[in-house]
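Take a look at the structure set out below.
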Amino acid sequence: MRKKIIAGNWKMNKTPSQTVTLITSLASFVEDSAADLVVCPPHTALLFASEVLRGTNIALGAQNMHYAENGAYTGEIAANMLLECGVRYVIIGHSERRQYFAETDETVNQKIKTALSASIIPIVCVGESLDQRTAGTTEEIVTTQIERAFQDIPIESASSIVIAYEPIWAIGTGQTATSAQADEVCAIIRKKIANLYDDETAENIRIQYGGSMNEKNAADLLSQPNIDGGLIGGASLSAEKFAEIAQACPAHV
Ligand code: PGA
-14 MRKKIIAGNW KMNKTPSQTV TLITSLASFV EDSAADLVVC PPHTALLFAS
36 EVLRGTNIAL GAQNMHYAEN GAYTGEIAAN MLLECGVRYV IIGHSERRQY
86 FAETDETVNQ KIKTALSASI IPIVCVGESL DQRTAGTTEE IVTTQIERAF
136 QDIPIESASS IVIAYEPIWA IGTGQTATSA QADEVCAIIR KKIANLYDDE
186 TAENIRIQYG GSMNEKNAAD LLSQPNIDGG LIGGASLSAE KFAEIAQACP
236 AHV
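Here my numbering is used: the first residue of the sequence shown is -14, the next is one more, and so on.
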């Protein structure tokens, strides 16, 4: 049975002091959570966050990193910098990064490899646009993103990766995929992992849903057989809402 994983993607919100306030409040609400919990504040708040997360059951994640170890990449952040800030997870290939910062399936693949070699767990985002869904190409788009993201990733590492299925039309729009729609695509992703690797890897890998998940729709989404957690944007900026989503996770057995 896969343990659920709920991650908060704070995007470009919260200063270091606001981060400390939000985490302090959140930590008191989620002490008995049955899920793995992750918060992903902006880079400037990571070190402050890791201090205040110490001794809690919440892990620290980053929202992005570069694939190179170091070098002349103005404005970028490397894996060892994140590690030293206490980061254990990193979101890779979020649709906003693909859309606004020219991330491609190739850079996503490179970043996954770099994260894995630094022992940082990648949360790899895939998902179709509204046009692609309307055109009936969701399966093709998502399975191609998965195939390219996992290119040359060895089987020993594959099941440690977390996949986030985030339909672009559902992100920040208030328009959530129905639980059936979300589960259907997560099942397609799991089948693709079985094809690329084997049934055991597919059975073990965790697939989150993301896109307007909130405290009201979480229980329904999280009870679907192929949905192993959530990547939460807007609702993760409220300690109460994020905690309610965490509480909606059925205990794993
Ligand atoms: P949202 O964002 O929950 O605000 O839709 C999710 C995400 O972009 O990860």
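All C-beta atoms in this analysis are idealised placements derived from N, C-alpha and C, irrespective of residue type, glycine included.
Owing to the predicted nature of the structure, the values given are computational and were not obtained by experimental measurement.
Rounding to the nearest angstrom, what Cα-Cα distance links T59 and N49 in this structure?
Numbered from its first residue, the sequence shown carries residue 59 at position 74. Numbered from its first residue, the sequence shown carries residue 49 at position 64. Taking the straight line joining both Cα atoms gives about 14 Å.
Taking the C-alpha atoms as reference points, what is the distance between S18 and A179?
As a first step, residue 18 must be located in the sequence shown, where it is residue number 33. As a first step, residue 179 must be located in the sequence shown, where it is residue number 194. Approximately 30 Å between the Cα atoms of the pair.
Near E169, which residues of its chain fall below 6 Å by C-beta distance, leaving aside the five closest residues on each side in sequence?
Against the sequence shown, residue 169 aligns to sequence position 184. The answer is none, since no qualifying residue turns up.
Taking all protein chains shown into account, decide if P152 is buried (16 or more other Cβ within 10 angstroms of its Cβ) or exposed.
Along the sequence shown, read from residue 1 onward, the residue named residue 152 stands at position 167. Its Cβ being crowded by 16 or more others within 10 Å, P152 is buried.
DSSP three-state label for P210, please.
Counted from its first residue, the sequence shown places residue 210 at position 225. In the structure shown, P210 sits in coil (DSSP, three-state: anything other than H, G, I, E or B).
Does any heavy atom of the ligand PGA sit closer than 8 Å to the C-beta of K201?
For the purposes of this step, residue 201 is identified with residue 216 of the sequence shown, where counting begins at 1. Checking the Cβ of K201 against the ligand PGA gives no.
For G112, three-class secondary structure by DSSP:
Within the sequence shown, residue 112 is the residue found at index 127, counting from 1. Three-state DSSP puts G112 in coil, outside helix and strand.
Please name the residue, chosen from T99, R82, T4, R83, that lies closest to A53 on a Cα-to-Cα basis.
Here residue 53 refers to the residue found at position 68 when the sequence shown is read from its first residue. For A53, the nearest C-alpha among the options comes from T99.
Can you tell me whether S80 is buried or exposed? The criterion is at least 16 other CB atoms within 10 Å of its CB, across all chains shown.
Start at 1 with the first residue of the sequence shown, and residue 80 comes out as number 95. Classification of S80: buried, given that the 10 Å Cβ count is 16 or more.
What's the gap between the Cα of I146 and the Cα of S2?
The residue labelled residue 146 in the question sits at position 161 within the sequence shown. The residue labelled residue 2 in the question sits at position 17 within the sequence shown. Going from the Cα of I146 to the Cα of S2 covers about 31 Å.
Measuring from the CB of E81, is there a heavy atom of the ligand PGA at a distance below 8 Å?
Sequence index remark: in the sequence shown, residue 81 carries index 96 (1-based). E81: yes, Cβ under 8 Å from the ligand PGA.
May I have the straight-line CA-CA distance separating N42 from L22, to the nearest angstrom?
Translated into the one-based positions of the sequence shown, residue 42 becomes position 57. Translated into the one-based positions of the sequence shown, residue 22 becomes position 37. As the crow flies, the alpha-carbon of N42 is around 7 Å from that of L22.
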